[in-house]
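The number in my numbering is simply the position in the sequence shown, starting from 1, with 184 added. What follows is one structure encoded as structure tokens, with my remarks underneath.
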Amino acid sequence: MITSLDTNILLDILIPDENHFQKSKGLLDEYVQKGQLIICEIVYAELASQFLSEKELKDFLSDTGIRLVYSTVEALCISGERWKVYVKNKKRAFQCPQCGVSTSITCHKCHSPIIVRQHILSDFIIGAHAFHHAELLLSRDRGFYRTYFKDLKVV
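Quick look at the structure:
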């Protein structure tokens, strides 16, 4: 089995995040036993900010059995297609990354809707890479990925 990793799972372990460390570490330990763990270029770049050198990052990936797999043209095209759907359908609301429910927030002073672009193209590259190169994706942003990558198993 090939499992792709979202950055948040690895950052939970590296930083470590007291709310998510145990669950993320448990998932990583479970899925390394089931087969290969892979990341895309975006996750690699995001992880690089947590290390003092490229050697330290490479050592971490080697020690954890995580392999960098470069995106194919097909995966990049899928990310662009899903991004287009997101931009077209984007509501002026916040979306819960856990369950996908949308909610609106208004300014307490003028009552105008407060909006934020929650997802950027890199999120879509991570999802499309996982869809094209792996059997599932480990991520805490399950609501987002289940909305835009319905054909991807997300744990």
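Ideal Cβ placement from N, Cα and C applies to all residues, glycine included.
Item checked: Supposed contact pair S306 and I193 - C-beta distance, whole angstroms, cut 8 Å -> Actually they do not touch by this definition, with Cβ atoms about 15 Å apart.
Margin query: Quick check on T248: does DSSP put it in helix, strand or coil?
Written below: helix
Item checked: Reference G284; option with closest CA among P297, K334 and L198 -> K334
Checklist line | Delimiting residues of the alpha helix (DSSP H) encompassing T191 | finding: T191 to L198
Check: Cβ of I226 within 8 Å of Cβ of S188?
Finding: no
Margin query: Rounded to the nearest angstrom, what separates Q279 and I197 at their Cα positions?
Written below: 25 Å
Next item on the list: Specify the secondary structure class of K272 as computed by DSSP and reduced to three states.
Entry: helix
Next item on the list: Quick one: residues in its chain with C-beta nearer than 8 Å to the C-beta of A318, no 5 flanking neighbours on either side, listed in chain order?
Entry: I186, T187, S188 and I222
Check: Just the Cα atoms here: how many angstroms apart are R326 and F244?
Finding: 25 Å
Notebook entry, point to check: By Cβ distance below 7 Å, which residues in the same chain neighbour I298 in space, the five residues on each side in sequence not counted?
Noted result: I289, T290 and C291
Notebook entry, point to check: Ordered along the chain, which non-local residues of its own chain (more than five positions away) have a Cβ less than 7 Å from that of I262?
Noted result: A312, F315 and H316
Notebook entry, point to check: Thinking just about the alpha-carbon of each residue, which of Q282, N203, L241 and F308 is nearest to the one in V271?
Noted result: F308
Check: In its own chain, which residues sit with a C-beta less than 7 Å from the C-beta of Q282, not counting the 5 before and 5 after it?
Finding: R326 and G327
Checklist line | Proximity winner among E230, I199 and S286, relative to D190 (alpha-carbon distances) | finding: E230
Notebook entry, point to check: Alpha carbon to alpha carbon, what distance is there between Q234 and I199?
Noted result: 8 Å
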